[in-house]
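K.L.:
80 is the number that this note's numbering gives to position 80 of the sequence shown; each next residue is one higher, with no gaps. Think of the CB as a built atom: it goes at the ideal place given N, C-alpha and C, for glycine as much as any other residue. Can you keep this structure in mind? I'll have questions shortly.
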Amino acid sequence: MSEERIQKFKKLLEKNPANPLVHYSLANEYFKLNRYEETIETINVYLRLKDDEGAAYRILGHCYTELGMQDSAKDAYEKGIEAASRHGHPDMAEEFRDYLESLDI
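Laid out in structure tokens, this is it:
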């Protein structure tokens, strides 16, 4: 199912490569399949297109953590705290602080 959805989102991006929602949706499908490098690449495109409220940084941080890239995970969670705070999501910001504490750096 996810592979079919990936192909669907890729076709949508061929028609409209600047659609942030499609980039985010594609990244989620990659993430479900543990395709972390592709998730990171796609989420970063999304973040260049849209001011995210924090959720994309959660995905990014988890990917970097799974790949053993602790410093990059730390950076993602810190940016997530900033985004969540800026958009009035204190619980999400606190969640990111918890992730930061759990990192092994």
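Compare the beta carbon distance of TYR46 and TYR77 with 8 Å and say whether it is the shorter of the two.
P.N.:
Mapped onto the sequence shown, residue 46 falls at position 46. Mapped onto the sequence shown, residue 77 falls at position 77. No; because the gap between Cβ atoms is not below 8 Å, this pair is not in contact.
K.L.:
Give a yes or no on whether the C-beta atoms belonging to PHE96 and CYS63 are separated by under 8 Å.
P.N.:
For the purposes of this step, residue 96 is taken as the residue at position 96 of the sequence shown. For the purposes of this step, residue 63 is taken as the residue at position 63 of the sequence shown. No, Cβ-Cβ distance for PHE96 and CYS63 is not below 8 Å.
K.L.:
Decide if the region 65-72 is in contact with the region 41-55; the criterion is three or more beta carbon pairs, one per stretch, under 8 Å apart.
P.N.:
Contact between the region 65-72 and the region 41-55 is absent, because fewer than three Cβ pairs lie under 8 Å.
K.L.:
Taking only the alpha-carbon atoms, compute the straight-line gap between VAL22 and ALA93 and give it to the nearest angstrom.
P.N.:
Position 22 of the sequence shown, counted from the first residue, corresponds to residue 22. Position 93 of the sequence shown, counted from the first residue, corresponds to residue 93. C-alpha separation (whole angstroms): 25 Å.
K.L.:
Report the three-state DSSP secondary structure of LEU103 (helix, strand or coil).
P.N.:
Walking along the sequence shown from the start, residue 103 turns up at place 103. Coil, per DSSP.
K.L.:
With distances taken between CB atoms, is the gap from HIS89 to GLU53 smaller than 8 Å?
P.N.:
To locate residue 89, count along the sequence shown from 1; it is residue 89. To locate residue 53, count along the sequence shown from 1; it is residue 53. The answer is yes: Cβ separation under 8 Å.
K.L.:
CA-CA distance, LEU12 and ALA55?
P.N.:
For this step, residue 12 is matched to residue 12 along the sequence shown. For this step, residue 55 is matched to residue 55 along the sequence shown. Cα to Cα, LEU12 sits roughly 22 Å from ALA55.
K.L.:
Per DSSP, what kind of secondary structure is LEU21 in: helix, strand or coil?
P.N.:
Taking the sequence shown and counting its residues from 1, the one referred to as residue 21 is at position 21. Note: LEU21 maps to helix in three-state DSSP.
K.L.:
I'd like the list of long-range same chain contacts for GLY61, defined as Cβ closer than 7 Å, with 5 residues on each side in sequence excluded.
P.N.:
Start at 1 with the first residue of the sequence shown, and residue 61 comes out as number 61. The residues are ALA73, ALA76, TYR77, GLY80 and TYR99.
K.L.:
Given that a residue counts as buried once 16 or more other Cβ atoms are within 10 Å of its Cβ, and exposed if not, what is ALA27?
P.N.:
As a working note, residue 27 is residue 27 in the sequence shown. ALA27 comes out buried.
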